[in-house]
Each structure stands twice: as structure tokens, then as C-alpha cells.
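Asker: Protein chains in written order, with the working numbering: chain G, 1 to 119; chain P, 1001 to 1119. Glycine included, every Cβ here is placed at the ideal spot set by N, Cα and C. Pasting a structure here, questions to come.
There are 2 protein chains.
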Amino acid sequence: MENTLIDRFEPKFDSSGLLTAVAVDSASGAVRMVAFMDREALAKTRETGLAHFHSRSRGALWLKGETSGNTLQVEEILVDCDQDAVVLRCRPQGPTCHTGAESCFFRKLDGDRLIPAED
Amino acid sequence: MENTLIDRFEPKFDSSGLLTAVAVDSASGAVRMVAFMDREALAKTRETGLAHFHSRSRGALWLKGETSGNTLQVEEILVDCDQDAVVLRCRPQGPTCHTGAESCFFRKLDGDRLIPAED
């Protein structure tokens, strides 16, 4: 069974040195945000238990919630088959989106428009 | 309320022309896989109702399940606040991972090892 595979963690950073990280609320399973991690962000996340990302726009380490206080406490890190993406199972402190929404994914596609998603 | 925002869909493709796409099982909410979509993959997905991605390794359009039959029928597309990531709420046909696991995220980090994730 592939499911019982035990393996070494050897993250496959892309050509920009990044992994994709999906933060989900461990209580509801809902996706809260998607961001990227470089080796430093991954190490800081594991060291502190708080989600850190690499800001592609600022080119810098970013502690999620550093200014807002809306941190993501990471309970578990799932790793995908080819080790280039992770799911962070988190206990969120407050809303995750900078707009004040719980999740960054608060809208859904409806034709060419975005309309509120049912929570 | 930001949550009631109605807006135009204007996807923000990155410098490689890609959005991040997270496919979740609409029944359980579990993350099945993470991949990337260019404009073509997004259009094909919307046109056919089946998840299409852009394979970064092959540099080509990729219908998920084209060879295995394990497609992802997309019921809803959630879009994040800055429109550079989407969540595909899907009805999966069969397992999603090429290993045969339901989800590509079938392992979790335990120190430097990957061990089976619960369910």
C-alpha cells in the first residue's frame, strides 16, 4: 500500500526556491489561504509552530499575523506525493484574510463575476 | 462588509502565467491535490467542468485523469482575495493521487520523516 509508505522529507523547492503552502482550518477543514514557503519560511514555521511564508512581492520572510495578530498555529504539516506542496493544518487566531473575511476564498466564480461563497 | 463584495473576475497570473489551484473534495472538504493553471487550463476547466491544469514539467495542458480516468468534476470555483489562487470544489472520480491514494497529501511530517496521515 502506497498509503503506508514511510519516507524521508526532502522538499522539492521549485526554480524560485518555493513550495506551495495551503493553510486549512483544522477544525472545519476549510481552506483559509494559499501562499509560498522557501526553506527559511518552512524552518521558521517548524521552529515556532506559527505559519511563516515567503512574500513573493516583498521577497522577504513573512510571519502571518505579525501586524494583525491573526496568526495561524500549525498543528500538522501534510506533504504531497512529490513533496512540492504542503497543507498546514492550523488553529487560526481570528480571521485569516486581510479583508477581514475568515478565509481568503470568500468569493466564488459566477460567469465573469465574483459573488459571495456560502461559508 | 468585505464578504458581500461583488467584483469582476480578473485572474492575476504570475510571471510564469500561472495561478495556484487547490482541488478539494466537495463532500469532505479534504484537499486532494495542488497544481497550477494557466489561462488555457482555466478556460478548459470552465468549458468542460473537468479540472485541467498546466503541467510545469511538461509545459503542456493536462486534463487530470486523462489516462487514469480519475477525473475531478468541478462543481464550484472559489477565488481568493487577490485573485491569484483558486479552490476547485470537486466531485472526484476515484483516487486523485497517481500513487493510488485518495489524496496526494497522504503523509504528514514527523521530524525528518513522512509518516501516514490519519485517514
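Should the segment 1101-1118 of chain P be regarded as contacting the segment 1037-1056 of chain P, the criterion being three or more beta carbon pairs within less than 8 Å?
Answerer: No: the two stretches stay apart, fewer than three of their Cβ pairs being nearer than 8 Å.
Asker: Does any CB atom of chain P fall closer than 8 Å to the CB of G:C104?
Answerer: The residue you call residue 104 of chain G lines up with position 104 of the first sequence. With 8 Å as the cut-off, G:C104 counts as an interface residue toward chain P.
Asker: Hey, G:V31 and P:K1108: beta-carbon distance below 8 Å or not?
Answerer: On the first sequence, residue 31 of chain G is found 31 positions in, with the first residue counted as 1. On the second sequence, residue 1108 of chain P is found 108 positions in, with the first residue counted as 1. No, these two residues do not count as a Cβ contact at 8 Å.
Asker: Answer yes or no: does any C-beta atom of chain P fall closer than 8 Å to that of G:E66?
Answerer: As a first step, residue 66 of chain G must be located in the first sequence, where it is residue number 66. So, not an interface residue.
Asker: Taking its Cβ as the centre, do 16 or more other Cβ atoms sit within 10 Å of G:F105, making it buried, or is it exposed?
Answerer: To locate residue 105 of chain G, count along the first sequence from 1; it is residue 105. It is buried - the Cβ of G:F105 has at least 16 other Cβ atoms within 10 Å.
Asker: Alpha carbon to alpha carbon, how far is P:R1089 from G:S15? Give it in angstroms, no decimals.
Answerer: Position 15 of the first sequence, counted from the first residue, corresponds to residue 15 of chain G. Position 89 of the second sequence, counted from the first residue, corresponds to residue 1089 of chain P. Distance between the alpha carbons of G:S15 and P:R1089 is about 29 Å.
Asker: Are G:G65 and G:D38 close, meaning C-beta to C-beta below 8 Å?
Answerer: Start at 1 with the first residue of the first sequence, and residue 65 of chain G comes out as number 65. Start at 1 with the first residue of the first sequence, and residue 38 of chain G comes out as number 38. No, they are not a contact pair.
Asker: Kindly indicate if chain P contains any beta-carbon less than 8 Å away from that of G:H98.
Answerer: On the first sequence, residue 98 of chain G is found 98 positions in, with the first residue counted as 1. Chain P, which has a Cβ nearer than 8 Å to the Cβ of G:H98, makes this yes.
Asker: Measuring alpha carbon to alpha carbon, tell me which residue in P:T1096, P:S1057, P:G1069 is nearest P:V1022.
Answerer: Here residue 1022 of chain P is taken as the residue at index 22 of the second sequence, counted from 1. Comparing Cα positions, the closest option is P:T1096.
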